[in-house]
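Notes for the one structure printed next.
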Amino acid sequence: MKRVGPFLLERRLVPSPLVVLGVSLLAILAAMGAMAIIFFAYGVDPLRAYVMIARGTLGSRFGVMQMLRRAIPLLLCGVGLVLAFRSKFWNIGAEGQLLAGAVAASGVALFSGLPDPLLLPTMFGAGFLAGAVWGMIPALLKVKLQVNDVISTLMMNYIMIYIVAWLIHGPWKGPTMRGFAYTDTFPRAAWLPLIPRSMVHWPTLVIGVAAALLMTLLLSRTRLGYELRVAGESPDAARYAGIDFLKVSLVVMLLSGGLAGLAGVGEVAGIHHKLLGPLHISSGYGYTAIIVAWLARGSPLAAIITSLLFGFIFAAGDVIRVTLQIPFQVVGVFSGLVLSFLIGIELLMYWRVRLLPKGER
Amino acid sequence: MNWESWVISTLNRALAHGTPLLWGTLGEIYAERAGVVNLGVEGMMILGAVSAFTAAQFTGNPWLGILTGGVVGGMAALVHALFTVTLRANQYVSGLALTIFGLGLSGLLGARWVGVPLDNPLPKLTVPGLAQIPVLGPALFQRQSYLTYIGIFLAVVLWLVLYKSRWGISIRSVGESPATADALGVNVFLVRYLCVAFGGVLAGVAGGFLSVEYRPAWTEGMTAGMGWVVIALTIFAAWNPLRAVGGVLLFSGLYHLAYRLQGWFPPEFLKLMPYAFAILVLAIAGLRGARQLAPGALGIPYTRGEK
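Heads up: the protein sequence lines correspond to chains A and B, in order. Taking our numbering as reference, the numbering of the first sequence is continuous, increasing by one, and the terminal residue is 554. Taking our numbering as reference, the numbering of the second sequence is continuous, increasing by one, and the terminal residue is 1185.
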């Protein structure tokens, strides 16, 4: 306990959800305030910018749909990352795992020759597996060889980016694409259905929400979830309890990578209908999902809300680019700011500020 | 091509390619020796690159560009220090935020420089006399960067400071056991701030080297993961400035040897090579048990007088 002037500062171990929400909102507001400087620098009145963003996103059906479309990959990656972060596995590799899923789905769509009804389910299965494998390699390296997980998962992103580039320039280059670096277009049966007049591939959205629910149950109701939480919160206790770190890490990365892989399937089967340049498949969803997961504070359900928030920010980025002529990179700047402010004021949550009673002031 | 020119050009290119990696790694070693992981190297490097290019283009003086890059890198690092040392935020997340922010902001600031060549890049240096030595001369002393030599010199100085001076003892004790250091009268917070800022300056210079000498031009995302390689090399070098020189040479040498295989492999495979090497290098470090050499309080915020 500390006295500062007439105030009493008390430490608390577990902040209430309301405080968490308040502090998170404060961080977002602070980031918006800082963004005003950038709008000024581009000669745009910040207030006008925010009004235009609101109109272009929440104010129109198209805007809302764009927001949903962007939220889908963020949700799937984000839920997986929540799981990984809970077990203190620093999976920064959702981007590569997403691309791995996209590659596997494209392979099935173009070359498997499966009957039509089996095509989409197999694509999702293959995408999950590919993402899972891409995620489990760093898990194995971490437990067996103490290879730092941040670096290995990140490096796996770059490796997958170049594998995709190689595929579309080389062996998978579509003969009907007149020299463009794409694969051929998928057969119709490999296209995901969309909400009419939008790019929202709703089956992936349903999978994402279901994943958030299932992972919540896994964390709170199963033995595996318990082991995962102990391994993350207190590795020493986990060691005494005989928890198998290899198993926990592998399962966590199986799920985390697999879910990111599903996001990749959604992007190619729902939106592009072909495999194309890695930067076009994912506009950095895997990296933004880190912030989505961090904002969700270990709760897969909260990732539904935070992925919508960042879906909104992506959609806002599009509005800013088209109507205000400011490059799309503002999204990166804003995301970085939100994350910075978020962790910067995190300490606030652990202090309760109270006014001292009259007599003691 | 005979083997002689093969060796010469590989060494020569490896030195140039390794220079930004060396500067970055030396900086990260100091930050981590004081107990602070900074995953923002990529962000600090790219902010250094864009600001160095801008300053060099406006003033016409490439050295002023390098200096600006260093200052900007240092300022970015101070933000990380504020978050992690004073506000005790998670070091990994703060560094990631810095990288995401740096990549975004540099893209915005550099948009006007895309496709613009630098009028006055940093001059190259051919050491008179030494360049005439057969094989080694052209490999090590011909058309090299000043920054390459300064970097190697810096590695020696930083090693001496770290292991043979009182400052070094303070830095290492702060990273090893901050509570003990504090009890002995070392200002833990000041040491951490200084080391993190110093690391940022070096990362900024590394970025400046890329845009003012190596290319010399600005392209978006031009650091292309070098900042992450730096963090891998820091672990591989077991947090030792002299070993960093060896690690960087090994890494860049491998990289350029791989480039010799052009024609056998598609170009995309050569491009993914450095990232695969970074994992390989860490796996080797793991086999040798380098992790045990990490500073004891690495990644842990220090709180004074609290349990």
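For every residue, glycine included, the Cβ atom is placed at its ideal position computed from N, Cα and C. Since this is a predicted model, take the numbers as computed values, not measurements.
Go ahead and label residue i buried or exposed: buried means 16 or more other beta carbons lie within 10 angstroms of its beta carbon, across all protein chains shown.
i, result
"Arg-432(A)", "exposed"
"Gln-1140(B)", "exposed"
"Ile-1011(B)", "exposed"
"Val-1090(B)", "buried"
"Ala-264(A)", "buried"
"Gln-522(A)", "buried"
"Leu-291(A)", "buried"
"Asp-342(A)", "buried"
"Asn-1065(B)", "exposed"
"His-466(A)", "buried"
"Asn-916(B)", "buried"
"Pro-1056(B)", "buried"
Who are the near neighbours of residue i in its chain, counting only those whose CB is closer than 6 Å to its CB and skipping five residues on each side?
i, result
"Ala-1017(B)", "Ile-886, Leu-889 and Asn-890"
"Ala-482(A)", "Leu-267, Cys-270, Gly-271, Leu-274 and Ala-287"
"Gln-259(A)", "Ala-508"
"Arg-547(A)", "Leu-201"
"Asp-309(A)", "Ala-382"
"Lys-1185(B)", "Its pLDDT being 42, under 50, Lys-1185(B) is placed unreliably by the model, and nothing is read from it."
"Thr-932(B)", "none"
"Met-923(B)", "Ala-1081, Ala-1084, Gly-1085, Thr-1101 and Gly-1105"
"Ala-297(A)", "Ala-319, Gly-320 and Ala-323"
"His-394(A)", "Leu-385, Leu-387, Gly-459 and Gly-463"
"Ala-229(A)", "Pro-239"
"Leu-261(A)", "Val-393"
"Gly-902(B)", "Val-919, Ala-1081, Ala-1084 and Val-1108"
For residue i, go through chain B and note every residue whose CB falls closer than 9 Å to its CB, in chain order.
i, result
"Gly-478(A)", "Note on residue identity: the sequence assigns Tyr, not Gly, to residue 478(A). The contacting residues do not exist; Tyr-478(A) stays about 13 Å from chain B at best."
"Glu-539(A)", "Leu-965, Arg-966, Ala-967 and Asn-968"
"Leu-334(A)", "Ile-1157, Leu-1160, Ala-1161 and Gly-1164"
Using C-beta distances below 8 Å, list every residue in its chain close to residue i, excluding the 5 sequence neighbours before and after it, in chain order.
i, result
"Val-1079(B)", "Gly-905, Gly-948, Val-949, Gly-951, Gly-952 and Ala-955"
"Ser-280(A)", "Leu-421, Arg-422, Ala-424, Gly-425, Val-441, Ser-442 and Val-445"
"Ala-247(A)", "none"
"Arg-1050(B)", "Arg-911, Leu-1040 and Pro-1173"
Can you round the beta-carbon distance between residue i and residue j to whole angstroms, since I take them to be within the 8 Å contact cut?
i, j, result
"Phe-1019(B)", "Leu-1008(B)", "4 Å"
"Leu-549(A)", "Phe-200(A)", "7 Å"
"Val-237(A)", "Leu-517(A)", "5 Å"
"Ser-929(B)", "Thr-946(B)", "5 Å"
"Met-1104(B)", "Leu-965(B)", "Met-1104(B) to Leu-965(B), Cβ: 28 Å. No contact."
"Arg-911(B)", "Trp-1045(B)", "With a Cβ gap of about 11 Å, Arg-911(B) and Trp-1045(B) do not count as contacting."
In chain B, which residues lie less than 8 Å from residue i when you measure between Cβ atoms?
i, result
"Ile-536(A)", "Phe-961, Leu-965, Ala-967, Asn-968, Val-971, Ser-972 and Ala-975"
"Trp-283(A)", "Tyr-970"
"Ile-474(A)", "In chain order: nothing, as chain B lies at least about 16 Å away."
"Val-526(A)", "Phe-979, Gly-982, Leu-983 and Leu-986"
"Ser-305(A)", "Near Ser-305(A) there are no residues of chain B at all, since even the closest Cβ is about 24 Å away, more than 8 Å."
"Ser-533(A)", "Val-957, Phe-961, Ser-972, Ala-975, Leu-976 and Phe-979"
What does a CB cutoff of less than 7 Å around residue i pick up in its chain, not counting 5 residues either side in sequence?
i, result
"Leu-1160(B)", "Ala-1110, Ile-1113 and Phe-1114"
"Leu-1212(B)", "Chain B is shown from 879 up to 1185; residue 1212(B) falls before or after that span and cannot be answered."
"Thr-897(B)", "Ser-1023, Leu-1025, Thr-1026, Gly-1029 and Phe-1087"
"Met-147(A)", "Outside the displayed span of chain A (194 to 554) sits residue 147(A), for which this structure offers no information."
"Gly-1131(B)", "Thr-888 and Ala-892"
"Val-512(A)", "Met-245, Ile-246, Gly-249 and Thr-250"
Find the residues of chain A that neighbour residue i, judging by a C-beta separation of less than 7 Å, and give them in chain order.
i, result
"Tyr-1153(B)", "Met-348, Tyr-351 and Ile-352"
"Ile-1113(B)", "Asn-341"
"Ile-1109(B)", "Ile-344"
"Arg-1169(B)", "Gln-339"
"Leu-917(B)", "Val-343"
Which residues in chain A have a C-beta closer than 8 Å to the C-beta of residue i? List them in chain order.
i, result
"Glu-1146(B)", "Tyr-355, Ile-356, Ala-358, Trp-359, His-362 and Gly-363"
"Arg-1182(B)", "Those do not exist, as Arg-1182(B) stays about 13 Å from chain A at its closest Cβ, beyond 8 Å."
"Trp-1096(B)", "Result: empty, since nearest Cβ-Cβ is about 14 Å, beyond 8 Å."
Can you list the residues of chain C that residue i reaches, using a CB-CB cut of under 7 Å?
i, result
"Leu-530(A)", "The chain inventory of the structure shown lacks chain C, comprising the protein chains A and B."
Residue i touches chain B at which residues, Cβ-Cβ below 7 Å?
i, result
"Gln-522(A)", "Gly-982, Gly-985 and Leu-986"
"Val-340(A)", "Ile-1157, Leu-1160, Ala-1161 and Gly-1164"
"Trp-487(A)", "Val-971"
"Ile-483(A)", "Leu-974"
"Leu-455(A)", "Per Cβ cutoff of 7 Å: no residues; Leu-455(A) is ~23 Å from chain B at best."
"Ser-427(A)", "Simply none; closest approach about 15 Å."
Give the interface partners of residue i over in chain A, defined as CB-CB distance under 9 Å, in chain order.
i, result
"Ala-989(B)", "Pro-520 and Gln-522"
Check your understanding: Unbroken alpha helix (DSSP H) runs of length 4 or more, entirely within the region 219 to 249 of chain A: which are they?
Key -> 239 to 249
Point to revise | Every unbroken alpha helix (DSSP H) within the region 881 to 959 of chain B, with a cutoff of 4 residues, ordered by chain | key: 881 to 911, 919 to 937 and 940 to 959
**Study point:** Inside the region 240 to 303 of chain A only - alpha helix (DSSP H) runs reaching at least 4 residues
**Key:** 254 to 279
**Study point:** Whole runs of the alpha helix (DSSP H) within the region 364 to 417 of chain A, excluding any shorter than 4 residues
**Key:** 395 to 414
Check your understanding: In the region 440 to 484 of chain A, which residue ranges form an unbroken alpha helix (DSSP H) of at least 4 residues, counting only runs that do not cross its ends?
Key -> 471 to 474
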